[in-house]
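**Student:**
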């Protein structure tokens, strides 16, 4: 197979990295040997950090982190790192303001994603909007975080922006939900010319027929632009007699019409097996939220929440991930249609 | 109390009408003595018509009707009437097309509302969009119905437009839902400059503390512009051991900021009591979908679905309805706030 290329990719020579271990590997991702990279009680007043997102920034790394306070309420904290493995956090929660600079804090905020589009970084999270819904803010300096309009009515979770506009519009993946633990869920796509008004909603992909993603799926890390299409690491959920199991899945979306799924891996890319994935506040969760990529080497580092208690780090290469997805791809008409009804 | 006036109201001398009956009335609405105005099996292949909306049109009346086919699938049918009481229907379902004139039919369609904004009539309904969601189409002649983009992601029901733009934008009420019978639900408001992209979502009002609306509420007829604010007939739902009970409620929204509730009637305005409301495919449902108003007399005729089996007609006057709502109003901070989080 020809080499897969990043499109609009950046060099990131300081990407965290370990070579793949020797021996049998059933999956195209391998875990960092020092996992979890963020352990329990990492910050005063915060019991657990997980489901968090990072970006390369001015030669180092910065991120937005879901911190579960000791009162049980989740909020978003800022962290920074020299190596993207060892993180230090601001003790104070991110202070969101409105367009006029007035404080405009969510009641709670969780599962942040962090995506750069043009010259601005966007934080996208889940919050209370008289029901669980998507919140969004923009920053250019990681000091001032200005909230934009909530893109959708409740109930919605797992929203993540594409890293560039498509056909002139911002594009956002999300997973419509219900008011509880949502025993269903597909990934949809929506467009916006201005981040105030959203529309042209399209269905992207539904829960899978395979058991590991047969209950629901949801967007994970921001899609990665490649010569094969948008590479998406998402989460798929199985329902068992003892609760949900969250695995990492992989798919490739059409570059110009990303509601069309080109390839969809029928196997999980990573599933809970290690103690920090199987044990914790919510056992059996591997929940991808961000990637770092190095265009020179094809290396990809994946950040994922583990058991709602830790942050884990896994590696793959663009070639290995894409080849694995393509050679194990099964798509249905629901996946390949434009998603308009 | 000073007389309440319609704003932008039209004369409608042929509005259907009966005077209020003598004797004790516990509610400000009274039923048409000939109810139900549409009975069972009104059309070949259609078992029941209910939850339907009408407008005055070129000296007569026209409407969009939820027709439950004998295969159990709901669709929207066009009907017309000289007196707004006796209706005749097109045997063929309304044929929706896309912007290019190509057929673009929903898989199913139910609970249509019909609202004129400027020179165009809009049909708003619930349909499958990989889950229950809002569909919308526009027509100027009731011959060609052109679908516009679905305004929202699933899951949503009970959407109805305001009859004019506010601050330059279309404004739509809706009730975010889940994938089932939705044992919760508040009314939200969304704006659009162009009917393609929607945003500036605001919470309008939540389920009430009173038992008759303590499970959920949803938008009903298009809001009526009055000198006291937007008069809204909505539905409120109680949950009982034997199922849901749908009553008609009344509220008045701020004229410029309709996410602010000025008055909210703590009592129902009408609740199932008659055989055609208590008996049927879904017992105990009074579900308002449309009104006709005569600006000269203050008369209001309310069309409501009865027991998912019939169309009922009820009457009130602007003065009586508004006075009853104001004198029985209880609002909470959830009602009176702007609804932004």
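Chains as they are written, first to last, in the working numbering: chain A, 1 to 341; chain B, 1 to 341. Where is the CB? At the ideal position from N, CA and C, for every residue including glycine.
Which bits of chain A does residue 107 of chain B rub up against, with CB to CB less than 8 Å?
**Tutor:** Result: 341.
**Student:** Using only CA atoms, which one of A/147, A/155 and A/197 lies nearest to residue 170 of chain B?
**Tutor:** The option with the nearest alpha carbon to residue 170 of chain B is A/197.
**Student:** Using a Cβ-Cβ distance cut-off of 7 Å, determine whether residue 100 of chain B contacts chain A.
**Tutor:** It does not: the Cβ of residue 100 of chain B has no partner Cβ on chain A nearer than 7 Å.
**Student:** Which residues, taken in chain order from the segment 132 to 157 of chain A, show a beta carbon closer than 9 Å to some beta carbon of chain B?
**Tutor:** Going along the segment 132 to 157 of chain A in chain order, one finds 133, 135, 149, 150, 151, 152, 153, 154, 155 and 156 with a Cβ nearer than 9 Å to chain B.
**Student:** Would you say the segment 302 to 311 of chain A touches the segment 181 to 189 of chain B, given that touching needs at least three Cβ pairs under 8 Å?
**Tutor:** The segment 302 to 311 of chain A is not in contact with the segment 181 to 189 of chain B.
**Student:** For residue 329 of chain A, does the three-state DSSP call read helix, strand or coil?
**Tutor:** If DSSP states are grouped into helix, strand and coil, residue 329 of chain A belongs with the strands.
**Student:** Any Cβ of chain B within less than 7 Å of the Cβ of residue 219 of chain A?
**Tutor:** Not an interface residue.
**Student:** Would you call residue 127 of chain A buried or exposed, if buried means 16 or more other Cβ atoms sit within 10 Å of its Cβ?
**Tutor:** Residue 127 of chain A comes out buried.
**Student:** How many angstroms separate the CA atom of residue 54 of chain B from the CA atom of residue 216 of chain A?
**Tutor:** Distance between the alpha carbons of residue 54 of chain B and residue 216 of chain A: 40 Å.
**Student:** In the DSSP assignment, find the beta strand (DSSP E) that holds residue 191 of chain A and state where it starts and stops.
**Tutor:** Residue 191 of chain A -> beta strand (DSSP E) spans 187 to 192.
**Student:** By the criterion of Cβ-Cβ separation under 7 Å, what are the contact partners of residue 178 of chain A in chain B?
**Tutor:** Those within 7 Å of residue 178 of chain A in chain B are 178 and 179.
**Student:** For residue 103 of chain A, which residues in the same chain have their Cβ closer than 7 Å to its Cβ, ignoring the five residues on either side in sequence?
**Tutor:** 95 and 97.
**Student:** Among B/184, B/14 and B/5, which one has its Cα closest to the Cα of residue 301 of chain B?
**Tutor:** Cα-wise, what sits closest to residue 301 of chain B is B/14.
**Student:** Hey, quick one: how far does the beta strand (DSSP E) through residue 91 of chain B stretch, first residue to last?
**Tutor:** Here the beta strand (DSSP E) through residue 91 of chain B covers 88 to 93.
**Student:** Check whether the segment 103 to 114 of chain A and the segment 46 to 62 of chain A are in contact - that is, three or more C-beta pairs closer than 8 Å.
**Tutor:** At 8 Å Cβ cutoff, the stretches touch.
**Student:** Measuring only from the beta carbon, is residue 277 of chain A closer than 6 Å to any heavy atom that is part of the ligand MG?
**Tutor:** Here there are no bound small molecules, and the ligand MG is not part of this structure.
**Student:** Based on the DSSP output, what are the partners of residue 207 of chain B in its beta bridges?
**Tutor:** In the DSSP output, where bridge partners are listed per residue, residue 207 of chain B has none listed.
**Student:** From residue 290 of chain B to residue 330 of chain B, what does the alpha carbon distance come to, in whole angstroms?
**Tutor:** Cα to Cα, residue 290 of chain B sits roughly 25 Å from residue 330 of chain B.
**Student:** Spatial neighbours of residue 21 of chain A within its chain, please: C-beta separation below 7 Å, excluding the five flanking residues on both sides.
**Tutor:** Excluding positions up to five away in sequence, the list reads 30.
**Student:** Which two residues bound the contiguous alpha helix (DSSP H) that contains residue 310 of chain A?
**Tutor:** Where residue 310 of chain A is concerned, there is no enclosing alpha helix (DSSP H), although the beta strand (DSSP E) it sits in stretches over 310 to 317.
**Student:** Can you give me the start and stop residues for the beta strand (DSSP E) that residue 82 of chain B sits inside?
**Tutor:** Note, residue 82 of chain B: premise wrong, no beta strand (DSSP E); not H, not E.
**Student:** Under 8 Å, CB to CB, which of the residues in the segment 114 to 129 of chain A have a partner in chain B?
**Tutor:** Cβ contacts with chain B: 127, 128 and 129.
**Student:** Label residue 275 of chain B either buried or exposed according to how many other C-beta atoms from any shown protein chain fall within 10 Å of its C-beta, with 16 as the threshold for buried.
**Tutor:** Counting Cβ neighbours within 10 Å, residue 275 of chain B comes out exposed, since fewer than 16 surround it.
**Student:** For residue 184 of chain B, return the contacting residues in chain A, with the cut-off set at a CB-CB distance below 7 Å.
**Tutor:** In chain order: 179.
**Student:** Mind listing, in chain order, the continuous alpha helix (DSSP H) runs of no fewer than 4 residues lying wholly within the segment 222 to 287 of chain B?
**Tutor:** Entirely contained in the segment 222 to 287 of chain B, the alpha helix (DSSP H) runs reaching 4 residues are, in chain order, 275 to 278.
**Student:** List the residues of chain B whose Cβ lies closer than 9 Å to the Cβ of residue 174 of chain A, in chain order.
**Tutor:** Residues of chain B passing the Cβ test: 153.
**Student:** Just checking: is the beta-carbon of residue 262 of chain A within a distance shorter than 7 Å of some beta-carbon in chain B?
**Tutor:** Not an interface residue.
**Student:** Name the DSSP beta bridge partners of residue 114 of chain A, please?
**Tutor:** Per DSSP, A/123.
**Student:** From residue 318 of chain B to residue 332 of chain B, what does the alpha carbon distance come to, in whole angstroms?
**Tutor:** Cα to Cα, the separation comes out at about 24 Å.
**Student:** If you compare alpha carbons, which of B/93, B/199, B/281 and B/213 is closest to residue 150 of chain A?
**Tutor:** Measuring from the Cα of residue 150 of chain A, the nearest candidate turns out to be B/199.
**Student:** Can you give the Cα-Cα distance for residue 240 of chain A and residue 106 of chain B, rounded to whole angstroms?
**Tutor:** One C-alpha to the other measures close to 35 Å.
**Student:** Say whether the segment 224 to 232 of chain A touches the segment 267 to 285 of chain A, bearing in mind that this needs 3 or more beta-carbon pairs closer than 8 Å, one atom from each stretch.
**Tutor:** Not touching, per the Cβ criterion.
**Student:** I want to verify the contact list: residues of chain E whose CB lies under 9 Å from the CB of residue 208 of chain A, in sequence order.
**Tutor:** The structure shown has no chain E; the protein chains it does contain are A and B.
**Student:** Check residue 322 of chain A in the structure and name its three-state DSSP category.
**Tutor:** Helix.
**Student:** Applying the criterion that 16 or more other CB atoms from any shown protein chain within 10 Å of the CB defines a buried residue, is residue 181 of chain B buried or exposed?
**Tutor:** Classification for residue 181 of chain B: exposed.
**Student:** Looking only at its chain, what residues have a beta carbon closer than 6 Å to the beta carbon of residue 159 of chain B, apart from the 5 residues adjacent to it on each side?
**Tutor:** Same-chain partners within the cutoff: 124, 134, 172 and 174.
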